[in-house]
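A.B. asks:
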Amino acid sequence: MIDLAGSDATNKRVLKRLKRRKAADARFRVFGLSAVGFALSALAVLLLSIGYQAFSATTYHVVEFDMSDMPLPTESPPDANVSKTLEAVFRAARDDLGAMFPESGSEAVLRMEMSAMITRLAALPTALKIARDPGHVADLRQVRMPLSDDLDLFLKGSGGHATLSRAGTVRSRIDESGMVVLAGQGAFRPLLANASAAGVSFGDDPAAGSALVTAGRSTIRLISATPDDARGELLTGDAADFDGAAPVVRLVEVPRALRAISDHQIAWTLALKTDGRIERVLHWSLLTHTDSTQPELAGTLAAIVGSFLTLMVTASVAIPVGIFASIYLEEFAPKNRLTSLIEVNINNLAAVPSIVFGLLGAAVFLGVFGLPRSAPIVGGLVLSLMILPVVIIASRAALKSVPPSVRSGAMAIGASEMQTVFHHVLPLAAPGILTGAILGMARALGETAPLLLIGMVAFVANVPNSSTDEATALPVLIYLWATQAERAWEPMTAAAIMILLLFLISMNVVVVYLRRRFERKW
Amino acid sequence: MNWLLLAALLTIASVGFTAGRHKAGQFGTDPETHPHSRPNFHGYYVLMWTLLPAAVVGCVYLICNNWIAAELVSSELPAPFKVFPEADLAAYLRAVERAASLPGYASGEHVFDTVLVRFREISGQVNLVTLLALFGAAYAGLRVSVRQVAPDLRARVVVERGIEIFLFLCAGLAVATTVGIVLSLLFESLRFFAQVPLWDFLTGLHWNAQTSAEFGAVPLFFGTFMISAIAMVVAAPVGLFSAIYLSEYAGARSRNMIKPILEILAGVPTVVYGFFALLLVAPGIRSLALWINRVIIEAGWSDGPVLAAQPTSALAAGIVMGVMVIPFVSSLSDDVISAVPHSLRDGALAMGATKSEMIRHVVIPAALPGIIAALLLAVSRAIGETMIVVMAAGQRAQVSMDPTSDLTTITVQIVSLLTGESEFDSPKTLSAFALGLVLFVITLLFNLVALSVVKRFREKYD
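Chains as they are written, first to last, in my numbering: chain A, 707 to 1228; chain B, 10 to 471.
#1: Tell me, please, whether the CB atom of valine 1088 of chain A is closer than 8 Å to any CB atom in chain B?
#2: How about tryptophan 216 of chain B and alanine 406 of chain B: do their beta carbons lie closer than 8 Å?
#3: What do you get for cysteine 179 of chain B, buried or exposed, if any count of 16 or more other CB atoms within 10 angstroms of its CB means buried?
#4: Helix, strand or coil for proline 961 of chain A, going by three-state DSSP, please let me know.
#5: Enumerate in chain order the residues of its own chain whose CB-to-CB distance from alanine 805 of chain A is below 7 Å, with the five nearest sequence positions on each side excluded.
#6: What are the start and end residues of the alpha helix (DSSP H) that includes isoleucine 967 of chain A?
#7: Can you list the residues of chain A that lysine 364 of chain B reaches, using a CB-CB cut of under 7 Å?
#8: Tell me which residue opens and which closes the alpha helix (DSSP H) that valine 332 of chain B is part of.
#9: Would you mind working out which of B:Val167, B:Leu143, B:Ala142 sits nearest serine 154 of chain B, comparing C-alpha positions?
#10: DSSP has isoleucine 984 of chain A in a bridge; who is on the other side?
#11: For glycine 260 of chain B, count neighbouring Cβ atoms within 10 angstroms of its own Cβ and tell me buried if that reaches 16, exposed if not.
#12: DSSP three-state call for alanine 183 of chain B: helix, strand or coil?
#13: Taking only beta-carbon atoms, is cysteine 68 of chain B less than 8 Å away from chain A?
#14: Does any residue of chain E have a CB that is nearer than 8 Å to the CB of valine 1027 of chain A?
#15: Taking only runs that begin and end inside the segment 218–243 of chain B, name each unbroken alpha helix (DSSP H) of 4 or more residues, in chain order.
#16: Would you list the residues sitting across from leucine 940 of chain A in a DSSP beta bridge?
#17: Round the Cβ separation of isoleucine 392 of chain B and serine 237 of chain B to the nearest angstrom and send it over; I've been treating them as touching at under 8 Å.
#18: To the nearest whole angstrom, what separates the beta carbons of phenylalanine 250 of chain B and alanine 741 of chain A, a pair I think is in contact under 8 Å?
#19: How long is the line joining the alpha carbons of alanine 1136 of chain A and histidine 1129 of chain A, rounded to whole angstroms?
#20: Assign proline 412 of chain B to one of three DSSP states: helix, strand, or coil.
#21: Using a C-beta cutoff of 8 Å, does serine 878 of chain A count as contacting chain B?
#22: Short check: CB of arginine 956 of chain A to CB of leucine 870 of chain A, under 8 Å?
#23: Answer yes or no: do valine 247 of chain B and alanine 745 of chain A have a C-beta to C-beta separation smaller than 8 Å?
#24: Would you check if the distance between the CB atom of leucine 324 of chain B and the CB atom of proline 412 of chain B is smaller than 8 Å?
#25: Checking contacts by CB at 8 Å: is glycine 884 of chain A closer than that to chain B?
#26: Apart from the five residues on each side of it in sequence, which residues of its chain come closer than 8 Å, Cβ to Cβ, to glutamate 1153 of chain A?
#27: When the cut-off is 8 Å and only beta carbons count, does leucine 964 of chain A lie next to chain B?
#28: Is it right to say methionine 707 of chain A is buried, meaning 16 or more other beta carbons lie within 10 angstroms of its own, or is it exposed?
#29: Quick check: does the Cβ of alanine 1103 of chain A come within less than 7 Å of any heavy atom belonging to the ligand NAP?
#30: Which residues in chain B have a C-beta closer than 8 Å to the C-beta of asparagine 1051 of chain A? List them in chain order.
#31: Determine which residues of the segment 275–301 of chain B have a Cβ less than 9 Å from any Cβ of chain A, and write them out in chain order.
#32: Chain B beta carbons: is any one of them nearer than 8 Å to that of leucine 1134 of chain A?
#33: Residues in its own chain within less than 6 Å of aspartate 855 of chain A by CB, not counting five upstream and five downstream?
#34: Could you check whether the Cβ of isoleucine 1098 of chain A sits closer than 8 Å to any Cβ belonging to chain B?
#35: Along the chain, where does the alpha helix (DSSP H) that runs through alanine 382 of chain B open and close?
#36: Name the one or two DSSP bridge partners that serine 916 of chain A has.
Right, here's the structure in full:
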């Protein structure tokens, strides 16, 4: 090293300052890195949390029924027949459960709780089948209906905050007040430990949690417990099942009064599961059903079709108009004030908030032209105006990238300007234009706000057939589901989001493929 | 019906094309005649003149068919109807018009249904007349233009001129959209301001459009400002530092990998962000605020809760919105930072600056106009963002500095005022258009300022 002039003190100061500057340099780099890290982890948390929620909605629980001895209504007309058949099917399902759990007949509350395990509308597909063709009664030996959403969540482990423990081997007897007493050396120590760890009490009080002891098909709700014995009320099954068994103890932390599901419903569900009558199956109805007021019956089909119809309208307006406009601006427009006005205009239009386009649609398409509300044609037109600048800007870039030599060559062999553009420039720019068009369509697919203003928020239970039918779109359905209060809607919403993202991702994959395949360097 | 119409028009158009082409083909290669244009262009020439008159008739029909039908019906209405004021009569006819668009609809009220039936009859007649006029016009155009086909007709020039005009009209649609936005917003806003004074709207402190007629928009402006400010507090440093890191520190490989991933943030639909805010961020912030409240109370600094700790809060919406606008800041800043010439960097490093000093004192000042423009565009994006705030910001119009309280914004109110409404007559729905006008003007200003900042302060290096 060259010894720089200056006293030791100066050198020391310089070195000290250098150290500080180096530290500042390192800090700056860390800031940069952590900014990137923040952005990436935000994306990761977003996708993972929604993906995790969505995963639990990919399966759901169905109950199997045998209704082969169902009494059928035979009167016509067919319309009344469907509603009567629906009632009959639902009643048969309920009676089937009632036969399995005789205790449900004893009290009105229990009968209601039993009915609530299956939604009445869940019987509709079966009822429709039978009403159309009574020959289908033979199929009734095995009918599957979705379990109610709250019990489904409970079985998936996210309803009621249940903690499991296993009791030791117990003996059971019935005491003089009709209660079941279970006794076993230290059998209930794990339960008491869990209860004190969670700070939950259990017993007769509806404001307390519940401790449910299950062996085979039988379940007891405990009223009191010591480490060595416990006393409780038999909810379903037979007290003899517990004798010599090592039952499972469920501590449900959420108080009974605050829960959507009762202890009896839990007991029956567990018994059905033990019998193999409840199965966890893939949730295809998410794709094949339309919207419903019941989470376990709702699906996205109508919204997907609505989105598709809307996008068809958008594509058939925005893509040709966008391409023609960009051809004019790039190839024909004279350099004058009008042209520059159009250009400034397009750039500003690209930055106008999407909701303003919704206001435009509400005032002009609905108000002035009197087009039908909630129709894909209006939504499609609004979205096409919104993505028009996107398509124009991308198409202009693609046209610009075609070298002038192509135009000169075409002109030189006698093509007119129009022929030059349509026969030579446009085919070469087509991949770039298509890329921009697909990106614009992807934006239109994810857009929600303008559709809310033109009434595409209606509850749509039928698959729309044409672009003038009442319809909703996938992002709007997500909005509707996300703002529902019931907890079961959360995984459903997440699953709908995954479907939407899947469409968006596949559109982007096409874009990447087009770029790779057709990119050329001039 | 519409498809049939379209098919019929296309048929007559192709007949025109064939006729023109066929006639032009007869010219042959006779050296005497020397046709100016190729037969195809003659075909297109006839096709153009066939479709154009039909399109004009069709447009006129689309714009005023209901109006004509309503006029005809109202001229037939019996004398008792004439006692009603003009406006009521118009509203009545609008209701009839709407009912007529629903197939098979009948109200059950005798007078209304009679008018409705008559309206349907008349609009059916109008449709028939239009159809005849449409095909008459197309046929006339075809006859006239086929007669014009001759060897010296400059068909190609005319056709290409026609195409150019068509292209110009397509480009003009963008202008028409802007004009449509401005006019519709202005028109409805003026109707609103006829009922509510402009000054009260802009300075009033109480907003309660749903239940009572209080239209003081200051709480909405405040909420919008507050949430956008929170969003920018997140997005500005993160976006800027990401851009700096990517353009100055990161290697080519990691840059090529990270940049597209950051762009994904801009491609995620906003309703997904809204759900994310509702699902994870808002509950998290609520429990954090509750915890802070408890700590403060236990420490004895306050008797009651300090933070509002609402289930939906300005902070949750702001943070998620900030994440959403990160890529707007980062990719635009990245572009301008990369555009700073290398000679400047080399000069600074040669003077002994560390890398961070070089970036802070040379690169950023040189790129500043572009960075400011990027930030302004991001603000404008945040102000106009709708779904995140609709889902996660709340509905309460209040002025509160507490970020955990629920605030409402311009866009939230537009959505809640217009969802499920079809009548644009009450001040309640009209106020949505006034808010839309404010939103449009604000975002437009931000964009124009951003553009002019770039234009005025851009450094030219080559």
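Using N, Cα and C, we set each Cβ at its ideal position, and we do this for glycine too.
C.D. replies: The answer reads as follows:
#1: Closer than 8 Å: no.
#2: Remark: C-beta atoms of tryptophan 216 of chain B and alanine 406 of chain B approach each other more closely than 8 Å.
#3: Looking at its Cβ environment, which holds 16 or more other Cβ atoms inside 10 Å, cysteine 179 of chain B is buried.
#4: In the three-state reduction of the DSSP assignment, proline 961 of chain A falls in the coil class, being assigned neither a helical nor a strand state.
#5: Here the set comprises nothing.
#6: According to the DSSP assignment, isoleucine 967 of chain A belongs to no alpha helix (DSSP H), since it is labelled neither H nor E.
#7: Correct list: Asp731.
#8: Counting along the chain, the alpha helix (DSSP H) containing valine 332 of chain B begins and ends at 323–348.
#9: For serine 154 of chain B, the closest C-alpha among the options B:Val167, B:Leu143, B:Ala142 is that of B:Val167.
#10: A:Val769.
#11: The residue is exposed, with fewer than 16 neighbouring Cβ atoms inside 10 Å.
#12: DSSP, reduced to helix, strand and coil, places alanine 183 of chain B within a helical segment of the structure shown.
#13: Against chain A, the CB of cysteine 68 of chain B has no partner CB under 8 Å away; the residue lies outside that interface.
#14: Included in the structure are the protein chains A and B, with no chain E among them.
#15: Fully enclosed alpha helix (DSSP H) runs of no fewer than 4 residues are not present anywhere in the segment 218–243 of chain B.
#16: Beta-bridge partners of leucine 940 of chain A (DSSP): A:Ile926.
#17: Confirmed, Cβ separation roughly 5 Å.
#18: With a contact defined as Cβ atoms closer than 8 Å, phenylalanine 250 of chain B and alanine 741 of chain A qualify at about 3 Å.
#19: Rounded to the nearest angstrom, the two C-alpha atoms are 11 Å apart.
#20: Note: proline 412 of chain B maps to coil in three-state DSSP.
#21: Serine 878 of chain A does not count as touching chain B.
#22: Inclusion of arginine 956 of chain A and leucine 870 of chain A in the CB contact set at 8 Å is warranted, their separation being smaller than that value.
#23: Less than 8 Å divides the Cβ of valine 247 of chain B from the Cβ of alanine 745 of chain A.
#24: The beta carbons of leucine 324 of chain B and proline 412 of chain B sit closer together than 8 Å.
#25: Put simply, the CB of glycine 884 of chain A is far from chain B, with every gap to its CB atoms at 8 Å or more.
#26: Cβ within range, chain order: Ser1060, Leu1089, Met1092, Pro1181.
#27: Under the 8 Å criterion on CB atoms, leucine 964 of chain A is classed as non-interfacial with respect to chain B.
#28: Here methionine 707 of chain A scores only 49 on pLDDT, less than 50, and its place in the model should not be relied on; the value that follows carries that caveat. By the neighbour-count rule (16 or more Cβ atoms within 10 Å), methionine 707 of chain A is not buried but exposed.
#29: As for the ligand NAP, it is missing from this structure, which has no ligand bound.
#30: Those within 8 Å of asparagine 1051 of chain A in chain B are Ala183, Val184, Thr187.
#31: Legend: CB atoms of the segment 275–301 of chain B lying less than 9 Å from CB atoms of chain A belong to residues Gly276, Val277, Pro278, Thr279, Val280, Val281, Tyr282, Gly283, Phe284, Phe285, Leu287, Leu288, Leu289.
#32: Taking 8 Å as the CB threshold, leucine 1134 of chain A stays off the interface with chain B.
#33: In chain order, Pro1001, Glu1002, Ala1194 place their CB closer than 6 Å to the CB of aspartate 855 of chain A, counting only its own chain and leaving out the 5 sequence neighbours on each side.
#34: Interface annotation, isoleucine 1098 of chain A: in contact with chain B, CB-CB separation under 8 Å.
#35: For alanine 382 of chain B, the uninterrupted alpha helix (DSSP H) segment begins and ends at 373–393.
#36: In the DSSP output, where bridge partners are listed per residue, serine 916 of chain A has A:Val958.
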